[in-house]
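Visitor:
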Amino acid sequence: MVMENEIRLGDIMDKLTPSDRVVIYNAARQVVYRGYAANAVHGTLNPQRRIKKMGLGMETYRATEQMWDWEKTDRLPEQIPVEQFGKYRVEDLQHILYIRIELKSEFEQ
């Protein structure tokens, strides 16, 4: 039985701007997609998957030439914990904002 107010992944992806950065997590909070919204439609995720929650994410890194390799989906880069921000000059840090989508388990009713 499908609830009328359930939001599906395909519904969300249709509303995003192609240049939006997106990270999609499965129910076990593992990254299953990381990249631009425009490329997500070519992925292997079922657009009928139900959304558990959605919001913005922000991560802080030491500034480098290549901040985030959007081709890799296996592992997020090493973040800097908030407690360690004082060890760096402001210009040495860079923040990345992205749309965070967490999927419901396929086995949840």
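Adding 8 to a residue's 1-based position in the sequence shown gives its number in this note's numbering.
For each residue, glycine too, the CB sits at the ideal point set by N, CA and C.
Going along the chain, which residues of its own chain have a beta-carbon closer than 6 Å to the beta-carbon of I32, five neighbours each way excluded?
Guide: Within the sequence shown, residue 32 is the residue found at index 24, counting from 1. Excluding sequence neighbours, I32 sits near V40, Y41, I109.
Visitor: Work out the CA separation of L111 and P89 for me, nearest whole Å.
Guide: Taking the first residue of the sequence shown as 1, we reach residue 89 at position 81. Taking the first residue of the sequence shown as 1, we reach residue 111 at position 103. When rounded, the distance between both Cα atoms is 26 Å.
Visitor: Can you tell me which of the three DSSP states Y106 falls into?
Guide: Within the sequence shown, numbered from 1, the residue matching residue 106 stands at position 98. Three-state result, Y106: strand.
Visitor: Could you check whether the stretch 11 to 25 touches the stretch 94 to 104, counting it as contact only if at least three pairs of C-beta atoms, one from each stretch, sit closer than 8 Å?
Guide: The stretch 11 to 25 is not in contact with the stretch 94 to 104.
Visitor: Distance check for E114 and L53, CA to CA, integer angstroms please.
Guide: Looking up residue 53 in the sequence shown gives position 45. Looking up residue 114 in the sequence shown gives position 106. Near 12 Å, if we compare the C-alpha coordinates of E114 and L53.
Visitor: Mind checking which residues open and close the alpha helix (DSSP H) that includes I20?
Guide: Your numbering for residue 20 matches position 12 in the sequence shown. It spans 17 to 23 - the alpha helix (DSSP H) in which I20 sits, taken as one unbroken run.
Visitor: Have a look at G43, R58, R37, M66 and flag the residue whose alpha-carbon is nearest the alpha-carbon of P26.
Guide: Locating residue 26 in the sequence shown gives position 18, where the first residue counts as 1. Looking at the Cα atoms, G43 is the closest of the given residues.
Visitor: Measuring CA to CA, which of Q102, D100, G63, Q56 is closest to R16?
Guide: Start at 1 with the first residue of the sequence shown, and residue 16 comes out as number 8. The shortest Cα separation from R16 among Q102, D100, G63, Q56 belongs to Q56.
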